[in-house]
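This report concerns only the one structure given below.
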């Protein structure tokens, strides 16, 4: 069973988490059997390691991390690979893969562009 | 003519701007007559005031700011309204409106959820 971790930046405002919770809930509604957890780089909990462990405990035999960041900067290109390497080292039996940022997915760029265009028509 | 400003966080890595440039280019391809500019809160240029002035100079009689942020935290709830109020005060003849964050738009949450679901199927 593939587990899903939605990885976001984190912020002091608790309402900041709302979009990520909404995405998690939509995915859960479609795939209730799929272990899924949110994780945050900073300020909010759980962190990535805790979230990965949570989906493993729920039955995931592999884990895919989806960075819910608009773009790839130092956080995703430098910080995240180091964090993931440390997590992988102590969980060698669980393959952990990493998806790209939201802004590197052509269909999501299309969706954002279409939203802007609808609002200016 | 309505002008569009795509407002993003900014980062030290110049490649970070790529998704926002791609969104701008998609919008320009569909609506080449529409003045459009990118703007950044931090680190990158131009800032919001410079971008708003650029679309006014290009012929915009009103401007809509689209915050390309995943979620609404202190940046959008506290910083941005103050920045916008200062800009509006010295440009009273140009209505400047503000859209919501990407993560507050239901169809974009749907699009992100669908992407995740496609990747785990």
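Chains as they are written, first to last, in our numbering: chain A, 12 to 132; chain B, 12 to 132.
Backbone N, C-alpha and C define an ideal beta-carbon position, used for all residues, glycine too.
Fair warning: this is a prediction, and the values are worked out from it, not measured in the lab.
Neighbourhood of residue i by C-beta, 6 Å cutoff - its chain only, sequence neighbours within 5 removed
i: residue 14 of chain B; result: 46, 66, 71, 74
i: residue 99 of chain A; result: 107
i: residue 48 of chain B; result: 16, 62, 65, 66
i: residue 69 of chain B; result: 46
Residues near residue i by beta carbon distance below 7 Å, same chain, minus five either side
i: residue 84 of chain A; result: none
i: residue 113 of chain A; result: 79, 80, 81, 119
Other residues of its chain near residue i: CB distance less than 8 Å, five sequence neighbours each side excluded
i: residue 95 of chain B; result: 59, 76, 107, 109
i: residue 87 of chain B; result: 78, 80, 112
i: residue 40 of chain B; result: none
i: residue 57 of chain A; result: 48, 49, 50, 51, 65
Residues that DSSP places opposite residue i in a beta bridge
i: residue 17 of chain A; result: A/49, A/77
Nearest-angstrom beta carbon gap, residue j and residue i [assumed within contact, 8 Å]
i: residue 116 of chain A; j: residue 62 of chain A; result: Not a contact, Cβ separation roughly 21 Å.
i: residue 19 of chain A; j: residue 31 of chain A; result: 5 Å
i: residue 123 of chain A; j: residue 54 of chain B; result: Actually they do not touch by this definition, with Cβ atoms about 21 Å apart.
i: residue 90 of chain B; j: residue 128 of chain B; result: Their Cβ separation, rounded to whole angstroms, is 34 Å, which puts residue 90 of chain B and residue 128 of chain B out of contact at 8 Å.
i: residue 37 of chain B; j: residue 121 of chain A; result: 7 Å
Discussion item. Which runs of the beta strand (DSSP E) at least 3 residues long sit entirely within the region 32-60 of chain B? Give them in chain order.
Written reply: With a minimum length of 3 residues, the unbroken runs of beta strand (DSSP E) contained wholly in the region 32-60 of chain B fall at 47-51.
Item to complete: Write down every uninterrupted run of the beta strand (DSSP E) in the region 92-127 of chain A whose length is 3 residues or greater and which is fully enclosed by it, in chain order.
Response: Within the region 92-127 of chain A, the runs of beta strand (DSSP E) that reach at least 3 residues and sit entirely inside it are, in chain order, 107-109.
Item to complete: Below 8 Å between beta carbons is the criterion; list the residues of the region 20-39 of chain B that meet it against any residue of chain A, in chain order.
Response: Of all residues in the region 20-39 of chain B, those with a C-beta nearer than 8 Å to a C-beta of chain A are 20, 22, 23, 24, 26, 27, 28, 29, 30, 31, 33, 34, 37, 38, reading in chain order.
Worksheet item: At a Cβ cut of 7 Å, what residues of the region 37-70 of chain A count as close to chain B, listed as they run along the chain?
Response: Taking 7 Å as the Cβ-Cβ cut-off against chain B, the residues of the region 37-70 of chain A that qualify are 37, 38, 41, 42, 45.
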